[in-house]
Amino acid sequence: MLRAALVTLLASLTVVGSPASARTVLLGRSWQGRPIRAVEVGNPAGTRVLVVGCIHGNETAGIAIADALERLSPRDLDLWIVPDLNPDGFAAHTRQNAHGVDLNRNFPWRWRPMSGVYASGSRPLSEREARISHRLILRLHPYLTVWFHQPLDLGWAPGGDRRPEKEFARVSALPYHPMPQLAGSAISWQNNTLHRTTAFAAELPAGRPDQAQVARYVRAVLAAARTR
Ligand SMILES: [Zn+2]
């Protein structure tokens, strides 16, 4: 009897957590034609949250957290996940996209021409990948957006609502830092133009996160989202 009940319980848990409940949307393609996908899980009527696993192609730890989030089905959250916004950079192990542009300097807020490591493109949103995420964010207007980066080992919180940022820091154990706004960054664009939304960067430590760390960052995303 007990065993049968356990089997039933496990089966129901599997259904709840199944990726089958996820919806995958093709947002567009990178300059080199690689697909850029978003996955929606949870409750479409819930608090809307966006997680971007990777924007700098040589900072890939967040993709493991994105993958773990895709397997959830939170009843109170409409969770959108973009595992990899920069697949060309990921393939080439570069921070920049295939045009040599740092996507996180290509957004409209205080955009200015920059070259080198932080090359900002020929104009705001000159890059396909930036346009794809810009369009998605305008459509979703997420209460919270978490952008994963590496390797600073801190929560980079420039100008959003401190409650979700501090909750993320508490649960993730990434120290909270109110950092300066960066010209052309996605986060600064969001925090300065989309009212009642907060975006911040989760700067993970270098290296690949182990299972326990992935689980901790997943809990931190959910806790921050639930501050609404
Ligand atoms: Zn980065």
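One gets the numbering used here by counting positions in the sequence shown from 1 and adding 71 to each. By construction, the Cβ of each residue, glycine as well, lies at the ideal position given by its N, Cα and C atoms. Since we're looking at a predicted model, the values are computed, not measured.
Hey, out of Gly-124, Pro-179, Ile-203, whose CA is closest to Leu-150's CA? Gly-124
Is it the case that the segment 239 to 257 contacts the segment 180 to 187, given that we only count it when at least three CB pairs across the two stretches are under 8 Å? yes
Helix, strand or coil for Thr-264 per DSSP? helix
Quick check on DSSP: helix, strand or coil for Leu-293? helix
What do you get for Pro-195, buried or exposed, if any count of 16 or more other CB atoms within 10 angstroms of its CB means buried? buried
So for Asp-149, helix, strand or coil by DSSP? strand
Name the residue from His-127, Leu-223, Val-112, Leu-98 whose alpha carbon lies nearest to the alpha carbon of His-164. His-127
What residues match up with Ala-277 in a beta bridge as DSSP calls it? Answer by DSSP bridge pairing: none, since Ala-277 is not bridged.
His-212: buried (16+ other C-beta within 10 angstroms of its C-beta) or exposed? exposed
Whose C-alpha, out of Gln-261, Gly-278, Arg-108, Ala-277, is nearest the C-alpha of Phe-271? Gln-261
heavy atom of ligand 1 below 8 Å from Ala-272 C-beta: yes
In the DSSP assignment, find the unbroken beta strand (DSSP E) run with Pro-126 in it and report its ends. It should be noted that the sequence gives Ile, not Pro, for residue 126. Per DSSP, Ile-126 belongs to no beta strand (DSSP E) and is neither H nor E.
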